[in-house]
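Peer 1:
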Amino acid sequence: MPHAAVSTLQRSRAKQLRRTMTPAETLLWRHLKANRTDGLSFRGQAPFGRYIVDFVCLSAKLIVELDGYSHDFGVQQKDDKVRDAFFVAEGFRVLRFSNHDVTSNLEGVVETIRLTASACASCSPPSLPLPHKGGGNRKSACQTSASSSVSDQTSSEIAATSIRGPQP
Numbered sequence: 022m023p024h025a026a027v028s029t030l031q032r033s034r035a036k037q038l039r040r041t042m043t044p045a046e047t048l049l050w051r052h053l054k055a056n057r058t059d060g061l062s063f064r065g066q067a068p069f070g071r072y073i074v075d076f077v078c079l080s081a082k083l084i085v086e087l088d089g090y091s092h093d094f095g096v097q098q099k100d101d102k103v104r105d106a107f108f109v110a111e112g113f114r115v116l117r118f119s120n121h122d123v124t125s126n127l128e129g130v131v132e133t134i135r136l137t138a139s140a141c142a143s144c145s146p147p148s149l150p151l152p153h154k155g156g157g158n159r160k161s162a163c164q165t166s167a168s169s170s171v172s173d174q175t176s177s178e179i180a181a182t183s184i185r186g187p188q189p
């Protein structure tokens, strides 16, 4: 979003959010900034339209949102769908992860972001599973702007997985 199009109030709110990130946001932000995954440049807590997104990569047209427990409830889920529809209408893809996904499986989250950014560059719609660290039956909260299929794959398995279109 052009700097001039962002209100002073919104810019101030984004700055405040950068100072008070959740532990999961801080963990992912440090990784994205330090490692520059595949040369991608992310902005953290960035104003976007009337919203502030957790992370955005403008070159890949990708938004990454981290969701805490409040996102598990109906009202917040409706709000998230409205937000996501706005971002999609602007030509962006949206990935959503739970805070738990980031703290328990950072490598899988980063790999999903990397693969989705690659898919965004080639304009093919992704539906990527989040690799699950350590096995088990827990399902991930990873979502693209359409629905994602989610499974308990390792990062090596996901690297070999072809990118599929959204699942019904």
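First residue of the sequence shown: 22, per this note's numbering; consecutive thereafter.
Idealized CB from N, CA, C, for every residue including glycine.
Since the structure is predicted, the reported quantities are computational estimates derived from the model, not experimental observations.
#1: Which residues does DSSP list as the beta-bridge partners of V77?
#2: Indicate whether V123 and A45 have their beta-carbon atoms separated by less than 8 Å.
#3: Do G89 and T43 have their C-beta atoms closer together than 8 Å?
#4: Using DSSP bridges, identify the partner residues of F69.
#5: Is T47 helix, strand or coil when you go by DSSP?
#6: Can you say whether D59 is buried or exposed, counting buried as having 16 or more other CB atoms within 10 angstroms of its CB?
#7: Beta-carbon separation of V130 and L49 under 8 Å?
#8: Can you tell me which of E132, G70, H52, I134 puts its alpha carbon nearest to the alpha carbon of D105?
#9: Going by C-alpha distance, which of S119, I84, C78 is nearest Q98?
#10: Quick check on this structure: which residue in T29, F76, V103 has the alpha carbon closest to the alpha carbon of I134?
#11: In this structure, how does DSSP classify E132 when only helix, strand and coil are distinguished?
#12: Spatial neighbours of R64 within its chain, please: C-beta separation below 6 Å, excluding the five flanking residues on both sides.
#13: Just to confirm before moving on: does the CB-CB distance between L61 and A138 stay below 8 Å?
Peer 2: With the given structure in hand:
#1: R64, I84
#2: yes
#3: yes
#4: Y72
#5: Residue state, collapsed to three classes: helix.
#6: exposed
#7: yes
#8: G70
#9: S119
#10: F76
#11: DSSP, read as helix, strand or coil, puts E132 in helix.
#12: V77
#13: yes
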